[in-house]
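In the working numbering, the protein residues as written are 28 to 465.
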């Protein structure tokens with residue numbers, strides 16, 4: 028009666044082997060979505076509201092911070108994220124940016140994460156001047172965990188470098204997730220292919236080379252702050268390792284600092300650090316650094332050669348796996364802090380809803396006050412015009428003087444000294460005409 032089912036017809040079960048650290052409850056999705064039930068956001072259509080804000084920008088050159096927050100909180104579709112980033116960029120360039128609410132940046136980051144538009148999100152976060160969006164503890168943890176779960180270690184390490192630029196590793200989960208992302212990215216780091224540029228052969232000529240001079244308004248002095256001016260990916264990753272290693276005690280912190288000195292290019296400090304910590308390092312971390320140093324071109328750098336020699340000579344005293352130890356630290360931090368973080372974030376979401384309602388009420392009161400002032404001004408002007416009509420004959424002299432005072436008198440234009448008109452000689456006879464004899 029029963030037919031034997033083929034294995035190809037059975038449903039396939041995929042086992043997700045990707046490492047995850049945070050639980051689904053950490054996203055607080057249900058509490059976050061409750062913001063849409065508030066009276067301020069309930070009847071808002073994001074697309075229509077965006078066009079209203081665009082018209083306000085064209086008319087007044089700015090919009091209120093609460094309007095931008097409402098748009099950010101109601102954005103849901105991926106196609107509207109460009110509109111949101113555009114409005115936030117325009118808002119950033121106005122004086123109203125000082126009133127931006129904390130929930131605005133949080134809503135933008137969550138919207139981009141939900142649609143997994145990571146490259147666009149990283150561009151916004153990296154352009155702090157034009158957007159003013161910064162990661163908080165909760166969005167940093169969500170971003171790092173989401174990228175690690177999807178094995179996008181390069182983007183996760185980029186989030187860690189942004190936090191390094193903010194110098195914000197106070198949160199335990201953020202600190203250890205950032206270190207884990209950097210380690211995974213370093214393991215997958217591809218060697219940089221150095222392509223020597225082809226130098227064109229220019230035939231020797233005796234022709235004099237013409238020097239082109241360009242006038243410039245001023246020359247800016249060269250300055251490199253070694254922090255915000257960093258653009259090299261390896262240097263950014265190295266400084267992140269270094270900052271994290273200083274915050275983590277023990278062998279894990281030492282290994283992270285050693286990797287940081289190597290990637291950051293601080294070879295002299297790296298040699299001094301090796302002399303201090305000796306062998307309190309992970310063996311696999313040293314191997315990672317050796318692999319990276321082999322890719323670097325010498326270019327006659329004595330410090331690099333000395334540092335490479337010291338790294339090749341040293342042997343790690345810890346036989347445990349560096350990645351596993353970092354992973355254990357992440358799990359321990361999650362077990363310690365996650366539950367408190369969830370409760371704290373739920374409370375913040377509720378406070379943000381109250382702040383939004385309060386700010387919206389203040390904005391409506393301000394608009395109503397301006398409307399009343401405009402109405403009073405119009406009524407005053409109409410009453411003055413009506414009074415002028417009723418008392419015209421009694422005040423006609425005064426009105427005439429007012430009219431005369433408003434007249435604009437222009438000076439006569441001078442066209443030069445006037446010439447005397449030519450006198451007509453009645454006895455003048457043209458040469459071709461003969462006078463008749465009478």
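Note that CB positions come from ideal geometry on N, CA and C, so glycine has one too.
Note that this is a predicted model, so its numbers are computed, not measured.
Look at the beta carbons and you see the region 394–414 not touching the region 156–166: under three pairs across the two are nearer than 8 Å. As computed with DSSP, residue 330 is found in no beta bridge at all.
Here residue 137 is buried. Its C-beta has 16 or more other C-beta atoms within 10 Å.
DSSP places residue 88 in no alpha helix (DSSP H); its state is neither H nor E. Collapsing the DSSP output to three states places residue 438 in coil.
If one requires a minimum length of 3 residues, no beta strand (DSSP E) run lies completely within the region 385–462. The three-state reading of DSSP puts residue 118 in helix, counting H, G and I together. Around the C-beta of residue 53, 16 or more other C-beta atoms lie within 10 Å, and the residue is accordingly described as buried. The beta carbon of residue 353 is closer than 8 Å to those of 203, 206, 207, 210, 279 in its chain, skipping five residues each way along the sequence. Here residue 455 is exposed. Its C-beta has fewer than 16 other C-beta atoms within 10 Å. Here residue 426 is not near residue 436, since their CB atoms are 8 Å or more apart. The three-state reading of DSSP puts residue 309 in strand, counting E and B together.
Of the residues 88, 87, 361, 107, the one whose Cα lies closest to the Cα of residue 72 is 107. Within the model, the alpha-carbon separation for residue 389 versus residue 372 is close to 25 Å.
Taken through DSSP and simplified to helix, strand or coil, residue 277 comes out as helix. When C-alpha distances from residue 180 are compared across 421, 215, 429, the shortest belongs to 215. Counting only residues of its own chain and dropping the five nearest sequence neighbours on each side, residue 169 has a CB closer than 7 Å to the CB of 54, 140. With a minimum length of 3 residues, there is no unbroken run of beta strand (DSSP E) contained wholly in the region 338–389.
In the three-state reduction of the DSSP assignment, residue 94 falls in the helix class. The beta carbons of residue 111 and residue 99 sit closer together than 8 Å. For the pair of segments examined, the region 267–278 was found not to touch the region 252–259: the number of CB pairs separated by less than 8 Å stays below three. Residue 356 and residue 327 have their C-alpha atoms roughly 40 Å apart. Excluding sequence positions up to five before and after residue 134, its CB lies within less than 6 Å of the CB of 99, 100, all in the same chain and listed in chain order. Judged by pairs of C-beta atoms under 8 Å, the region 316–333 does not touch the region 183–196, as fewer than three such pairs exist. Leaving aside the five residues that flank residue 445 on each side, none in its chain has a CB nearer than 8 Å to its CB. Counting the other Cβ atoms within 10 Å of the Cβ of residue 198 gives 16 or more, which makes it buried. Cβ atoms of residue 361 and residue 175 stay farther apart than 8 Å, at about 12 Å.
Under the DSSP assignment, residue 165 falls in the alpha helix (DSSP H) whose first and last residues are 164–176. With fewer than 16 neighbouring CB atoms inside 10 Å of its own CB, residue 438 falls in the exposed class.
Around the CB of residue 440, fewer than 16 other CB atoms lie within 10 Å, so the residue is classed as exposed.
Here residue 87 is exposed: its Cβ has fewer than 16 other Cβ atoms, across all protein chains shown, within 10 Å. With contacts defined as CB atoms closer than 8 Å, residue 212 and residue 264 qualify as a contacting pair. Per the C-alpha coordinates, the member of 290, 109, 391, 268 positioned closest to residue 148 is 109.
Listed in chain order, the non-local C-beta contacts of residue 383 below 6 Å within the same chain comprise 67, local neighbours out to five positions each way being set aside.
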